[in-house]
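Structure, as structure tokens:
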Amino acid sequence: MLSAPDKALLVKLFYMNEESATIALRKFRVQKNVKSGKGPLTPAGLLKLVKRFEKTGKLEDRARTGRPCLKEARAPCIAVEMEAIASKAASGTSSASKAARRLGLPPSSVRNILRRILQLYPYKLQSCHELLPADTAQREAFAKWAFSKME
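The end of the sequence shown is residue 351 by my numbering, with every number in the run present.
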């Protein structure tokens, strides 16, 4: 896939070289250090690009048909909902399935957005006993007991 500046350069080279697609592609390969035969476009592809540029005045690709990907658009909404759920919960946890129910989205979509776009991964919190100085004697007794059982 060509970037917008590369497309602009190709169209410019096309018009500078007497509207010759082959020469324009050859000069593009020389400027960009692309191996011969490994160019980004064929001469026919460049002619289609130029024809589209003359017709619309733009170098961008046309809009694709089919179902649009709305994951990036939904990501902020899901992030806000997850924070709202976590703030209401006593333990501060949030549930992707609960957010999906509230937003009316499939749970798999919510999980995919959380992982791929927001880089939020599920994990399980474990509560651990806080080690206090007063617990030293009890821990020491347990360690001695466990050590004696190992021998």
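By construction, the Cβ of each residue, glycine as well, lies at the ideal position given by its N, Cα and C atoms.
Check	Outcome
Cβ-based neighbour list, Ser-220, same chain, cut-off 8 Å, excluding 5 preceding and 5 following	Phe-214
Buried/exposed call for Ala-204, threshold 16 Cβ in 10 Å	exposed
Integer Cβ distance of Leu-259 from Leu-246, believed to fall under 8 Å	Actually they do not touch by this definition, with Cβ atoms about 12 Å apart.
Beta-carbon contacts of Ile-285 that lie in its chain and below 7 Å, excluding the five residues immediately before and after	Ser-294, Ser-295, Lys-298, Ala-299
Neighbour-count burial assignment, Leu-332, 16 or more Cβ in a 10 Å radius	exposed
Residue from Pro-307, Val-211, Glu-330, Met-350 with nearest C-alpha to Lys-271	Pro-307
First through last residue of the alpha helix (DSSP H) which encompasses Arg-274	271-288
Span of the alpha helix (DSSP H) around Asp-206	204-216
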